[in-house]
Every structure is written in structure tokens, then in C-alpha cells.
Amino acid sequence: MNDPRIFLVHVIHHLYIGGMENGVVNLVNKLPHDRFRHAIVCVEDYSEQFRQRIQRPDVEVYAMHRSQIGSRRLRWRLWRLFRKLRPDIVHSRNMSGLDALLPARLAGCRTLHSEHGFDVDNLRGGAFKPALLRRLHAPLVQHFISVSQDLRELMIERWGVAPRKVTQIYNGVDTARFAPALPRQRAALPEAFRLERLFVVGAVGRLQAIKDQATLLQAFALLLQRQPQWRDWLRLALIGDGPLRERLQAQAGELGIAGQTWFAGARHDLPELLQGIDLFVLPSLNEGISNTFLEAMASGIPVLATAVGGNLELQDEGVVGASFNPGDVARLADLIAVYAGNPELTQKHGAAARQRALEQFSLQAMLANYRQVYQALAQK
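Convert by adding 60 to the 1-based position in the sequence shown; the result is the number in the numbering used here.
Set out below in C-alpha cells:
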């Protein structure tokens with residue numbers, strides 16, 4: 061008997077810890093089970109630990125290992141897989157997902173492509189070869205999703221996508237899972253970070269160049285140079301793992317802040333960790349729509365973020381936090397000092413951040429928007 065549910069195959073680079081990957085898991089887990097079913101195809105591979113976050117037992121995850129088999133064999137295997145699965149919609153994401161578009165169309169599937177951000181070597185999405193590849197693949201896509209207005213404009217102006225074919229949908233945050241704790245609850249933090257009098261600055265993200273945690277370390281060190289008496293009660297928590305971990309740890313030592321800095325590594329208790337943080341910093345060189353920005357706001361934390369990409373659409377300057385230019389160490393040090401020295405302002409902006417997350421960036425709103433796009437495309 062035919063299954064009346066819309067069958068979605070999500071194509072992503074890999075299923076590891078990350079904001080975009082977390083969004084895919086949210087869609088799979090939260091879209092109505094009686095209306096949608098899913099499979100996930102990883103162009104490379106997946107982490108079994110992260111895969112276990114998928115709550116539905118009927119979701120298959122496939123690893124294609126493109127780096128081992130090459131793009132030509134990948135497209136052949138994708139075509140065979142799509143012919144076997146017969147999904148209603150293949151939803152590809154970012155640059156890696158382009159390889160799935162021709163196999164999907166040849167297999168008779170509807171196609172949806174979304175963009176979620178860029179890499180450090182292509183911060184604005186304007187690099188010639190990636191832009192050309194996206195432009196060449198655009199005719200294979202029946203509809204596009206962008207996570208920010210900034211990305212939507214880029215799709216239209218740089219890649220030649222018709223405006224009517226692009227729907228902009230902001231990422232959503234689970235405001236029940238990410239919620240404030242007042243006073244701050246620091247049980248998930250290491251013992252040296254649990255004292256009530258401490259002020260904890262936090263950042264969450266993969267330790268890689270585009271996230272630019274190096275600027276945060278420099279700003280934190282500069283602030284302690286200016287205010288040496290704050291060394292006893294100011295702390296920095298870097299949550300996440302990645303290829304730059306050893307370099308950043310060495311940098312913290314060279315700057316003389318190793319005793320005030322905690323490298324937490326990859327964690328699965330992020331809601332509890334955020335409940336122990338007083339001020340959130342997002343120093344990225346560019347962002348689409350940052351899930352960690354949204355999670356911090358939902359947790360009632362003021363956010364300092366670089367004035368780039370989708371950050372400008374999330375930030376409400378002087379209400380939920382403040383902005384600084386990428387790499388501006390002195391400005392970031394000044395902003396941290398403002399909040400560290402003013403608990404009333406920190407609490408006020410944290411409450412405003414929580415309210416903004418509830419009103420404009422809820423997971424329910426995101427799910428409703430994706431559901432509408434999927435249903436409309438499935439009927440074409």
C-alpha cells in the first residue's frame with residue numbers, strides 16, 4: 061500500500077555537530093509524523109553519536125563517502141539510491157548538495173535547495189567558481205530556501221535565481237529546551253566556574269577559522285590587562301571542538317588567560333551550559349543565521365555579535381546586545397567590560413533577548429514555514 065505521507069530525502073555534507081545539521085534533525089523529529097517521513101543522505105559520513113539524536117526509528121541515514129569514491133561515482137550512486145527510495149522531494153543543502161540535483165531530477169524527484177552560510181575562503185559567497193557552480197545548477201532546482209535576507213539577495217543577484225523561486229525562512233530555536241535560569245545555574249560548568257560571584261563569558265561553535273575565536277581570546281586578554289582586578293572573577297568558556305583547538309589553547313596560554321579559560325570541547329548538554337553563562341559572544345567572520353545566537357537569546361543571555369551576514373537580522377542593537385566588526389579586538393573588549401560591570405544591564409538585555417526569541421524565532425514558526433514549502437512543492 062502506498063504511504064500517503066510526503067517523503068523527504070535531506071542531502072547534507074555530513075551529520076556531525078553543527079548548526080545546520082541540528083536544523084535538519086529538528087525538522088526530522090518535529091514535523092508531523094503523520095504527514096512526513098524522512099531519510100538523510102550524507103555526501104561524506106555521519107557521527108553515530110549525533111545520529112542518535114534522531115528520535116524517529118523509521119529514518120535511514122546513508123553515508124556516500126565522496127572523498128573516497130569521487131564526484132562521478134557519487135552522482136551515479138545517488139541516482140540509484142533515489143530510484144530505489146522514490147522520494148517526493150530531495151532537499152539538498154549548501155555546496156555539497158549540488159551533486160545531488162542532477163541525479164534527483166533524472167530519478168524523477170522534485171528538488172529543493174537551501175543555503176545556510178559560507179566558508180572562511182568564501183565569506184560573502186562571491187568567489188567565482190562556487191558562484192558559477194551554483195548558477196549552473198540553478199535550473200535543476202524547482203525551489204530555493206535561504207535562511208536570511210542577506211542570502212536571499214545573494215541568490216537573486218549573484219546566482220540568477222528568480223525572486224519568486226526563493227523563500228526565506230529563519231532558523232528556529234526550541235524555546236522550551238533553551239530557557240533562562242535566574243539566578244544562573246552553573247552545575248554543568250567545571251567547579252572553578254561555579255562560584256556565584258563570577259561573570260562568565262561564553263561562545264559556542266566549531267573551533268575553525270571562520271568562527272574566529274582567536275579574536276575573542278585577544279579581547280578577553282586585553283580586558284584583563286586593562287582591569288587586572290577582574291582576573292579573579294571574570295571567566296571565559298569556549299564550547300565546541302575543531303581543528304584549531306590546540307592552537308587556540310596555546311594562544312590562551314601565550315596571552316596569560318589559560319587559568320580563566322575553559323575549553324569545553326563538543327558537548328550535548330548545551331541548554332544546561334548556557335544557563336551558566338552571563339554574556340554570549342559570536343565573533344564569526346560571517347554567518348547565515350546562527351543557531352547558537354538564537355539559543356543564547358532563548359536562554360536569556362545578551363549577545364555580542366559581529367556585524368555580518370544574518371547576524372544583522374537577529375541583533376537588536378542596544379536592546380538584546382551589541383555588534384562589533386570582525387577582528388575588532390578593542391571594541392569587543394570594551395563591550396564585554398560594559399556588561400561585566402553592569403549586572404542590571406546584563407539582566408535587562410537578557411530578558412529582552414528571551415522575548416525576541418519567543419516572538420520572532422520560535423521553532424514552531426520555522427516548522428510551519430518549512431511545512432508550507434514542502435506541501436506546495438509536493439503538489440507541483
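Each residue gets a CB set at the ideal place from its N, CA and C atoms; glycine is no exception.
Taken in chain order, the unbroken stretches of beta strand (DSSP E) that lie wholly in the segment 141 to 229 and span 3 residues or more are 149 to 153, 170 to 175, 203 to 206 and 226 to 228. If only complete runs of 4 or more residues are kept, the segment 90 to 141 shows the alpha helix (DSSP H) at 108 to 111 and 126 to 129, in order along the chain. By alpha-carbon distance to residue 64, the top candidate from 90, 73, 97 and 89 is 97. Residue 193 and residue 81 have their C-alpha atoms some 23 angstroms from each other. Fewer than three beta-carbon pairs drawn from the segment 284 to 297 and the segment 354 to 368 are found closer than 8 angstroms, and the two stretches are therefore not classed as touching. With contacts defined as CB atoms closer than 8 angstroms, residue 396 and residue 361 fail to qualify as a contacting pair. The C-beta distance from residue 126 to residue 108 rounds to 19 angstroms, too long to meet the 8 angstroms contact threshold. In the same chain as residue 138, and ignoring 5 residues on each side of it, the C-beta atoms closer than 6 angstroms to its own belong to 160 and 163, in chain order. In this structure the segment 337 to 347 does not lie against the segment 309 to 325, because fewer than three pairs of beta carbons, one per stretch, are closer than 8 angstroms. About 4 angstroms separates the CB atoms of residue 106 and residue 75; that is less than 8 angstroms, so the two are in contact. In the DSSP secondary-structure assignment, residue 235 is not bridged to any residue. No Cβ-Cβ contact shorter than 8 angstroms links residue 249 with residue 305. Looking at the DSSP output, residue 300 bridges to 325. By the Cβ neighbour-count rule, residue 136 is exposed, with fewer than 16 other Cβ atoms within 10 Å of its own.
In this structure, 371 is the residue among 89, 377, 110 and 371 with its C-alpha nearest to the C-alpha of residue 177. Contact annotation: residue 206 and residue 373 have beta-carbon atoms that are not nearer than 8 angstroms. Nearest to residue 358 by alpha-carbon distance, out of 90, 430 and 334, is 334.
With 16 or more other CB atoms across the displayed protein chains lying within 10 angstroms of its CB, residue 70 is buried.
At the C-beta level, residue 227 and residue 418 stay beyond 8 angstroms of one another. Nearest to residue 414 by alpha-carbon distance, out of 440, 381, 390 and 385, is 381.
Nearest neighbour of residue 279 by Cα position, chosen from 393, 342 and 351, turns out to be 393.
Cα atoms of residue 260 and residue 425: separation of roughly 31 angstroms, rounded to the nearest angstrom.
By the neighbour-count criterion, in which a residue is buried when 16 or more other Cβ atoms sit within 10 angstroms of its Cβ, residue 440 is exposed. The DSSP-derived three-state label of residue 241 is coil. Contact between the segment 293 to 302 and the segment 270 to 284 is present, with at least three C-beta pairs closer than 8 angstroms. Rounded to whole angstroms, the separation of the alpha carbons of residue 218 and residue 170 is 24 angstroms. Taking all protein chains shown into account, residue 92 has fewer than 16 neighbouring C-beta atoms within 10 Å of its C-beta and is therefore exposed. A straight line joining the alpha-carbon of residue 353 with that of residue 363 spans about 7 angstroms. Non-local beta-carbon contacts of residue 85 in its own chain, meaning distances under 7 angstroms to residues more than five positions away in sequence, involve 113 and 114 in chain order. Per DSSP, reduced to three states, the secondary structure at residue 417 is helical.
Around residue 241, the same chain offers 335 as residues with beta carbons nearer than 7 angstroms, after the five sequence neighbours per side are excluded.
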